[in-house]
Amino acid sequence: MMNRRSLLLASLATPALSVSGFAADPIKIGMTQPLTGAVAASGNYVANGAKIATEVLNRAGGVLGRPLELILEDNKSNPREAVASVEKLVLRDRVPVLIGAWSSTFTLAIMPKLIEYKVPMVVETSSASRITTSGNPWVFRIAPTSEMEAVAFSALLSKFTPAMKKIDFLSVNNDFGRGAAEKFSAALAARGIAIGRTETMTPEATDLAAQLTALKQSDGDTVFVTTGVEQMTLALRQAVEQRLGKRIVTTGGSFPDQLLANPLPPGNDSFHILFYAPWFPERAPHPAIARTYTEEWNKKGWEFAGLTEGFRGYDAMLTVVEAIKLAGKPEAEAIREALWKVKIPGVNGDIAFAKEGPAGQESGQNRPNVSILRLSEGKTSLL
Amino acid sequence: MDQALQHLVNGTVLGGTYALLGIGLTLIFGVMRVVNFTHGELYAFGAYMTYAFVSLLGVNFFAALALATLCGVALGAALELVLLRRMRKADIDSVMLVMIGASLVLQNGEMWAWGGVAKLVPNPFNGSPLVIGPVSVLPLRLFVLAVSAALLLGFWLMLDRTRAGVAMRATFQDPETAALMGVRIGWVNTATFAIGSGLAAAAGALLGPVFMVSPTMGDLVGLKAFAIVILGGLGSLPGATLGGFALGFVEEYAGGYLSTEYRDAFGFLLIILVLALKPQGLVPAKERIG
């Protein structure tokens, strides 16, 4: 007899076994993402991942005999709009569970509302540590914290030749960027690497020449870039213009997909910390799930490299639906309780929550996997 | 010293693009007394038109720049004829509200048409920088700077040496008297708004390939354009040019030597200082519009 995990795995790996037509009302799942604005590319990728997970799960019979309905709201890359989107999802659409909100800044802005309305949220991307350490029992994060990412990365340092000796940072000036610079500094300093300067940029900035010229003066050998995918692309292109001449490593799991079709000149390789490398689904912890996700995405004709971020929405949807199944009813408090019991395979790896934060008000934190991708003249390879 | 030279080159390139952004806005305000809140969206429109011509229709990059600018001129003329002409007697608050509404419609139209994900415009220039001694710059940036300079000079000559320019300046100084002298005010306004819009679209067409093209790219640009024309003096063409370069250099040097975190703040600090000392902006009122 197959256990629940095997059944779920089988259903996700064989989307052709579809169930058409549901008698019951759909179970609503709310999602807030930056569909427009400075980090819209990433937000759309994550939303697309959730959409195809919804389709795959509905074809496999939905949950509790009811279809799933994803209600997507645009937080416009703005924390105020993120709060407004959650108000709308909870008060008007009456969703019992949320997924969101990409940026740590947006997620932190939303978090008081989760306590106020008593609605759980699965955090799919945000990496600031205090999201799960501030004592919000309605938060369950499947994404790694910047600290987890930094520690996992530091275990892979031997893959870089020549070895890193001194590092600098170019970070977006928000919780995500500053948090990453702080945690990577701590993790890599513990490995004996010297820490140089940190330059910041506003999320909307397009001209990064001043920052890159300043970084060029440092005697560091590697620059860690932390920001959304659009600004990451600009930073890589402008680093060539400014002859930065240093190794660039991007953090946070975003990938500058536009540089596949419009590659940088030879000799400007970059390295990207990813949580899913769609070029190599067979190297994922659960290849069957990764393959289904990748195939469903490609059927839509969406940009291939968006898969690197879209998995977050896919895995978040699997997590939420498993919690609803375990809860036995689509009610917020029951789903929150059930999230602690979730143990499922996802695209990134196994998903389960450990407790973080002050006793009695713990948030859930998953421990995801990390890989490093090299981009060289529009070609990708795993380190 | 090497760093200072690189900042000088970066500031010049940035200032040139800022000046180009400022002149279209200041032209429209100077002649029509209209605060054009659609300026940033016309910039984004020009960038999207370039993307459409180059990436979707396979048009030559340089032809696409010209076509995108013409599209901006046409859109500007349409906005003036449909929205502004009937509001010529309206108070400035009503006109501002209409322009804010038009800006929202344009931005959301871009989102609807193109989606929220940024686009990259391919260009014919080599992606490797030109290296001269200690400084480096992309050929595309030099091209943008050269075209910006040509556009600035061209519009300066147009205003100073042509009948259309005389009509614009006359309308700016005294619309009633200009009308009595036979100037067709309505068409001067249409032409002014179309040219100003074309300049915004040209800036977007030129800078789209340098940066990336997205529906919200006009937000920050619109804000900077207003800062530039206020710094230079409202309605002043040389003021917009001077303001653009001043803002570019302050942002570049302050960002490079003081703090990148407060780079934009230094630009606005400059504006506060200039307005405190010279409330009319960098260029005195008598020198405005030609």
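Here the protein sequences come in this chain order: A and Z. According to this note's numbering, the first sequence is numbered sequentially starting from 2. According to this note's numbering, the second sequence is numbered sequentially starting from 723. Note that beta-carbon positions come from the ideal geometry of N, C-alpha and C, so glycine has one too.
Exercise. What are the boundary residues of the beta strand (DSSP E) that includes G954(Z)?
Worked result: In the second sequence, residue 954(Z) corresponds to position 232, counting from 1. In the DSSP assignment, G954(Z) falls outside any beta strand (DSSP E) and within the unbroken alpha helix (DSSP H) covering 939-954.
For this session: Measure from the C-beta of S130(A) to each C-beta in chain Z and report whether the shortest distance is under 8 Å.
Result: Locating residue 130(A) in the first sequence gives position 129, counting from the first residue. No, no contact with chain Z.
Problem set entry | Top-ranked residue by Cα proximity to S271(A), from L158(A), W298(A), L157(A), K380(A) | The residue given as residue 271(A) occupies position 270 in the first sequence. If you compare the alpha carbons of L158(A), W298(A), L157(A), K380(A) with that of S271(A), the shortest gap goes to K380(A).
Exercise. Is I53(A) near E304(A), with beta carbons less than 8 Å apart?
Worked result: Reading the first sequence from its first residue, position 52 is the one you call residue 53(A). Reading the first sequence from its first residue, position 303 is the one you call residue 304(A). In this structure, the beta-carbon distance from I53(A) to E304(A) does not fall below 8 Å.
For this session: Using the Cα positions of T734(Z) and L727(Z), report the straight-line distance between them to the nearest angstrom.
Result: Locating residue 734(Z) in the second sequence gives position 12, counting from the first residue. Locating residue 727(Z) in the second sequence gives position 5, counting from the first residue. Spanning the two alpha carbons is a distance of roughly 11 Å.
For this session: Measure the CB-CB distance between E200(A) and P851(Z) and report whether it falls below 8 Å.
Result: Mapped onto the first sequence, residue 200(A) falls at position 199. Mapped onto the second sequence, residue 851(Z) falls at position 129. Going by C-beta atoms, E200(A) is not nearer than 8 Å to P851(Z).
For this session: State yes or no: is the beta carbon of L928(Z) nearer than 8 Å to at least one beta carbon in chain A?
Result: The sequence position of residue 928(Z) within the second sequence is 206, counting from 1. No, because no Cβ of chain A sits closer than 8 Å to the Cβ of L928(Z).
For this session: Using a Cβ cut-off of 7 Å, pull out every chain A residue sitting near N732(Z), in sequence order please.
Result: Here residue 732(Z) corresponds to residue number 10 of the second sequence, with the count starting at 1. Counting only Cβ-Cβ distances below 7 Å, N732(Z) has contacts in chain A at A210, A211, T214, in chain order.
For this session: Flag L997(Z) as yes if its beta-carbon sits less than 8 Å from any beta-carbon of chain A, otherwise no.
Result: Residue 997(Z) sits at position 275 when you count from the first residue of the second sequence. Between L997(Z) and chain A, the shortest Cβ-Cβ separation is not below 8 Å.
Exercise. By how many angstroms is the C-alpha of Q212(A) removed from the C-alpha of V343(A)?
Worked result: On the first sequence, residue 343(A) is found 342 positions in, with the first residue counted as 1. On the first sequence, residue 212(A) is found 211 positions in, with the first residue counted as 1. About 44 Å.
For this session: State yes or no: is the beta carbon of R244(A) nearer than 8 Å to at least one beta carbon in chain Z?
Result: Here the question's residue 244(A) lines up with position 243 in the first sequence. Cβ-Cβ to chain Z under 8 Å: yes for R244(A).
For this session: Could you tell me which chain A residues have their CB closer than 7 Å to the CB of P851(Z), listed as they occur along the chain?
Result: Position 129 of the second sequence, counted from the start, is the residue given in the question as residue 851(Z). Result: V241, E242, R244.
Exercise. Is the beta carbon of V64(A) less than 8 Å from the beta carbon of I325(A)?
Worked result: Stepping through the first sequence from its first residue, residue 64(A) is reached at position 63. Stepping through the first sequence from its first residue, residue 325(A) is reached at position 324. Yes, the Cβ-Cβ distance between V64(A) and I325(A) is below 8 Å.
Exercise. Would the beta-carbon of T772(Z) fall within 8 Å of that of A901(Z)?
Worked result: Taking the first residue of the second sequence as position 1, residue 772(Z) is located at position 50. Taking the first residue of the second sequence as position 1, residue 901(Z) is located at position 179. No, the pair does not count as a contact, with Cβ atoms beyond the cut-off.
Exercise. Using the C-alpha atoms, what's the distance from V224(A) back to G246(A)?
Worked result: Residue 246(A) sits at position 245 when you count from the first residue of the first sequence. Residue 224(A) sits at position 223 when you count from the first residue of the first sequence. Approximately 10 Å between the Cα atoms of the pair.
Exercise. Quick one: any contact between the segment 246-259 of chain A and the segment 755-769 of chain Z, if contact means 3 or more CB pairs under 8 Å?
Worked result: Too few Cβ pairs lie closer than 8 Å, so no.
Exercise. Where DSSP assigns a beta bridge to G365(A), which residues make up the other side?
Worked result: If you number the first sequence from 1, residue 365(A) lands on position 364. Answer is F141(A), K356(A), bridged to G365(A).
Exercise. Name the DSSP beta bridge partners of L69(A), please?
Worked result: By one-based count along the first sequence, residue 69(A) stands at place 68. According to DSSP, residue pairing for L69(A) in a beta bridge involves I28(A).
Exercise. Who are the neighbours of P266(A) on chain Z, taking C-beta pairs under 7 Å?
Worked result: Looking up residue 266(A) in the first sequence gives position 265. What P266(A) touches in chain Z: G849, S850.
Exercise. Quick one: Cα of S858(Z) to Cα of T739(Z), how far?
Worked result: Numbered from its first residue, the second sequence carries residue 858(Z) at position 136. Numbered from its first residue, the second sequence carries residue 739(Z) at position 17. So the two alpha carbons sit approximately 18 Å from each other.
Exercise. K946(Z): which of A796(Z), G966(Z), Y979(Z), V776(Z) sits nearest, CA to CA?
Worked result: By 1-based counting over the second sequence, the position of residue 946(Z) is 224. It is G966(Z).
Exercise. Using a beta-carbon distance below 8 Å, is H729(Z) in contact with chain A?
Worked result: Counting from 1 along the second sequence, the entry for residue 729(Z) is found at position 7. Yes, contact with chain A.
Exercise. Using 8 Å as the limit for Cβ to Cβ distance, is A786(Z) near chain A?
Worked result: Along the second sequence, read from residue 1 onward, the residue named residue 786(Z) stands at position 64. No - not a single Cβ of chain A is within 8 Å of the one on A786(Z).
Exercise. If you draw a straight line from the alpha carbon of A889(Z) to that of V910(Z), how long is it in whole angstroms?
Worked result: Locating residue 889(Z) in the second sequence gives position 167, where the first residue counts as 1. Locating residue 910(Z) in the second sequence gives position 188, where the first residue counts as 1. A889(Z) and V910(Z): Cα-Cα distance of roughly 7 Å.
Problem set entry | Straight-line Cα distance separating A206(A) from A190(A) | Reading the first sequence from its first residue, position 189 is the one you call residue 190(A). Reading the first sequence from its first residue, position 205 is the one you call residue 206(A). For A190(A) and A206(A), the distance between alpha carbons rounds to 29 Å.
Exercise. Between the segment 793-811 of chain Z and chain A, which residues of the former have CB atoms less than 9 Å from a CB of the latter, in chain order?
Worked result: For the segment 793-811 of chain Z, the set of residues with a beta-carbon nearer than 9 Å to any beta-carbon of chain A is empty.
For this session: Run through the segment 878-931 of chain Z for me and flag every whole alpha helix (DSSP H) of 4 or more residues, listed as ranges in chain order.
Result: If one requires a minimum length of 4 residues, the alpha helix (DSSP H) runs lying completely within the segment 878-931 of chain Z are 885-895, 897-902, 907-929, in chain order.
Exercise. Helix, strand or coil: which one does DSSP assign to V972(Z)?
Worked result: Numbered from its first residue, the second sequence carries residue 972(Z) at position 250. DSSP places V972(Z) in helix when its eight states are reduced to three.
For this session: For P359(A), I'd like the list of residues in its chain whose CB is within less than 6 Å of its CB, leaving aside the five on either flank, ordered along the chain.
Result: Taking the first sequence and counting its residues from 1, the one referred to as residue 359(A) is at position 358. So the list reads G136, once near-sequence residues are dropped.
Problem set entry | Residue span of the alpha helix (DSSP H) that contains F988(Z), given as start and end | Start at 1 with the first residue of the second sequence, and residue 988(Z) comes out as number 266. From DSSP, the alpha helix (DSSP H) with F988(Z) extends over 985-999.
For this session: Please determine, among V96(A), M32(A), D351(A), R198(A), the residue with the shortest C-alpha to C-alpha distance to L980(Z).
Result: On the second sequence, position 258 is the one that residue 980(Z) refers to. It is R198(A).
For this session: For A11(A), decide whether its Cβ has a neighbour in chain Z, counting only Cβ atoms nearer than 8 Å.
Result: Counting from one through the first sequence, the residue named residue 11(A) turns up at place 10. Note on A11(A): pLDDT 48, under 50, position unreliable in the model; no value is reported.
Exercise. With respect to the alpha helix (DSSP H) encompassing L814(Z), which residues constitute its N-terminal and C-terminal limits?
Worked result: Against the second sequence, residue 814(Z) aligns to sequence position 92. The residue asked about is misnamed: residue 814(Z) is Ile in this sequence, not Leu. It spans 814-836 - the alpha helix (DSSP H) in which I814(Z) sits, taken as one unbroken run.
Exercise. So L845(Z) packs on L862(Z), CB below 8 Å; how close in whole Å?
Worked result: As a working mapping, residue 845(Z) is identified with position 123 in the second sequence. As a working mapping, residue 862(Z) is identified with position 140 in the second sequence. The sequence as given places Asn at residue 845(Z); Leu does not occur at that position. Rounded to whole angstroms, the Cβ separation of N845(Z) and L862(Z) is 6 Å, and the two are in contact under 8 Å.
For this session: For L864(Z), decide whether its Cβ has a neighbour in chain A, counting only Cβ atoms nearer than 8 Å.
Result: Within the second sequence, residue 864(Z) is the residue found at index 142, counting from 1. So, not an interface residue.
Exercise. Does T963(Z) get closer than 8 Å to chain A when you measure Cβ to Cβ?
Worked result: Taking the first residue of the second sequence as position 1, residue 963(Z) is located at position 241. No, because no Cβ of chain A sits closer than 8 Å to the Cβ of T963(Z).
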